[in-house]
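Q: Dropping a structure here in structure tokens format, bear with me for questions.
Numbering (our numbering), first residue to last: 323 to 502.
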């Protein structure tokens, strides 16, 4: 954890996620806990998405080849030990979504309390939030019960579902995007 108090909104939001990641119960057997803590895996997964890496392997290779990247992960994301791409997948995949839902609730509450959502209110009743379902990370082998399956000629493509929510208002130059 950084010794200084978070100053920017991004630092505050990352701290909220880090705090929530530390609350997820570790599903592994006690003998496996000493390798990499679950918090580090969750925060590394966030870093992959936040820093827009094209794949877990690219993230893994960058961490191995670039010592400065590790320093940034430790200071920005509070990560002590970065898991390999395969181990990251093995740690994050079994986490139940109910634990991840708390992240969204806390982040939304923070942004709402900060007053940053006031500019997006619609008729003083709530927020206008168009929703769009998108598919990412197409696979022919990996799937879960929530995945969408698209049949193309003789092959099926499995697309994990991602829901994108955009909060905006006519005449505003800015919008807020949420992915769930």
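Glycine is no exception: its CB is placed at the ideal position from the N, C-alpha and C atoms.
Which value, in whole angstroms, describes the spacing of the CA atoms of residue 426 and residue 370?
A: Here residue 426 refers to the residue found at position 104 of the chain shown. Here residue 370 refers to the residue found at position 48 of the chain shown. Between residue 426 and residue 370, the C-alpha separation is close to 18 Å.
Q: Could you say which of 434, 359, 440 and 387 lies nearest to residue 335 if we only look at CA atoms?
A: Within the chain shown, the letter at position 13 stands for residue 335. Residue 434 is the option with its Cα nearest to residue 335.
Q: Compare the C-alpha of residue 517 against each of 379, 345 and 391 and name the closest.
A: Because the chain is modelled from 323 through 502, residue 517 falls outside the range shown and cannot be assessed.
Q: Tell me whether residue 344 sits in a helix, a strand or coil according to DSSP, three-state version.
A: The sequence position of residue 344 within the chain shown is 22, counting from 1. Here residue 344 sits in coil by DSSP.
Q: Less than 7 Å separating the Cβ of residue 346 from some heavy atom of the ligand SAM?
A: The ligand SAM is not among the ligands present in this structure, which contains no ligands whatsoever.
Q: Helix, strand or coil for residue 480 per DSSP?
A: Here residue 480 is taken as the residue at index 158 of the chain shown, counted from 1. Bear in mind that the predicted position of residue 480 carries a pLDDT of just 49, short of 50, making it unreliable; the figure below should be weighed with that in mind. It is a strand residue.
Q: Any idea which residues DSSP pairs residue 444 with across the strands?
A: The sequence position of residue 444 within the chain shown is 122, counting from 1. DSSP lists 448 as partners of residue 444.
Q: Find out if the Cβ-Cβ distance for the pair residue 340, residue 400 is shorter than 8 Å.
A: One-based indexing of the chain shown puts residue 340 at position 18. One-based indexing of the chain shown puts residue 400 at position 78. Contact: yes.
Q: Considering only the alpha carbon of each residue, which of 363, 441, 423 and 424 lies closest to residue 396?
A: Here residue 396 refers to the residue found at position 74 when the chain shown is read from its first residue. Comparing Cα positions, the closest option is 363.
Q: Count the other C-beta atoms from every protein chain shown that fall within 10 angstroms of the C-beta of residue 343, then say buried if there are 16 or more, exposed otherwise.
A: Working through the chain shown from its first residue, we reach residue 343 at position 21. So residue 343 counts as buried.
Q: With distances taken from CA atoms, which of 387, 417, 383 and 439 is nearest residue 361?
A: For this step, residue 361 is matched to residue 39 along the chain shown. Cα-wise, what sits closest to residue 361 is 417.
Q: Quick one: measure Cβ to Cβ for residue 358 and residue 403, integer angstroms, because I've assumed they're closer than 8 Å.
A: On the chain shown, position 36 is the one that residue 358 refers to. On the chain shown, position 81 is the one that residue 403 refers to. 5 Å between Cβ atoms; contact.
Q: Using a 10 Å radius around the Cβ and a threshold of 16 neighbouring Cβ atoms, would you call residue 405 buried or exposed?
A: Position 83 of the chain shown, counted from the first residue, corresponds to residue 405. Label assigned to residue 405: buried.
Q: Going by the beta-carbon positions, is the gap between residue 391 and residue 384 smaller than 8 Å?
A: Taking the first residue of the chain shown as position 1, residue 391 is located at position 69. Taking the first residue of the chain shown as position 1, residue 384 is located at position 62. It is a contact, given that the beta carbons lie within the stated cut-off.
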